[in-house]
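**Q** For reference, the structure I am asking about is given below.
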Amino acid sequence: MEKTRNILINILNELKETVDIISKVDHKKQTELQGHIINYYKNVNYLSEVFNEKINNMHDNMEFQVNATMERLMVENLQSFDSEIDTDSDNKEE
Numbered sequence: 001m002e003k004t005r006n007i008l009i010n011i012l013n014e015l016k017e018t019v020d021i022i023s024k025v026d027h028k029k030q031t032e033l034q035g036h037i038i039n040y041y042k043n044v045n046y047l048s049e050v051f052n053e054k055i056n057n058m059h060d061n062m063e064f065q066v067n068a069t070m071e072r073l074m075v076e077n078l079q080s081f082d083s084e085i086d087t088d089s090d091n092k093e094e
């Protein structure tokens, strides 16, 4: 995710350099392009926030699933252990 963000930022930085070159030729075009680049930066930032939120949600869901599985396994192990104790007690009584 961070790699993708860095690649996008590098592309935008190169666009800025291109705009600087264009500005030496056509000032009107420079202003127009700068507006587009500012919007691109805002969109990249927004996408980064959305991706980070989704990653955090995935992490939280995975953590919840792992905890639920661990709890289920612990209950099963306790039930199995209790069952073995009951079987041992029955065998001793006979």
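Going by full-length UniProt numbering, the sequence shown opens with residue 1, and the numbers climb by one from there. C-beta: ideal position from N, C-alpha, C; glycine also. Please read all numbers here as calculations on a predicted model, not as lab measurements.
Between valine 44 and isoleucine 9, how many whole angstroms is the CB-CB distance? I'm expecting something under 8 Å.
**A** Sure, about 7 Å apart at Cβ, within 8 Å.
**Q** Measuring only the C-alpha atoms, how far is aspartate 82 from leucine 47?
**A** Taking the straight line joining both Cα atoms gives about 52 Å.
**Q** Pop quiz: isoleucine 22 and leucine 33 are said to be a contact at Cβ under 8 Å. What is the actual Cβ separation, rounded to whole angstroms?
**A** Sure, about 6 Å apart at Cβ, within 8 Å.
**Q** Return the Cβ separation of isoleucine 37 and valine 19 in integer angstroms, given the expectation that the two are a contact with Cβ distance under 8 Å.
**A** Their Cβ separation, rounded to whole angstroms, is 6 Å, which keeps isoleucine 37 and valine 19 in contact under 8 Å.
**Q** Closer than 6 Å by C-beta to leucine 15: which residues in its own chain qualify, once you throw out the five before and the five after it? Chain order, please.
**A** Closer than 6 Å at the Cβ level, and outside the excluded window around leucine 15, lie Ile37.
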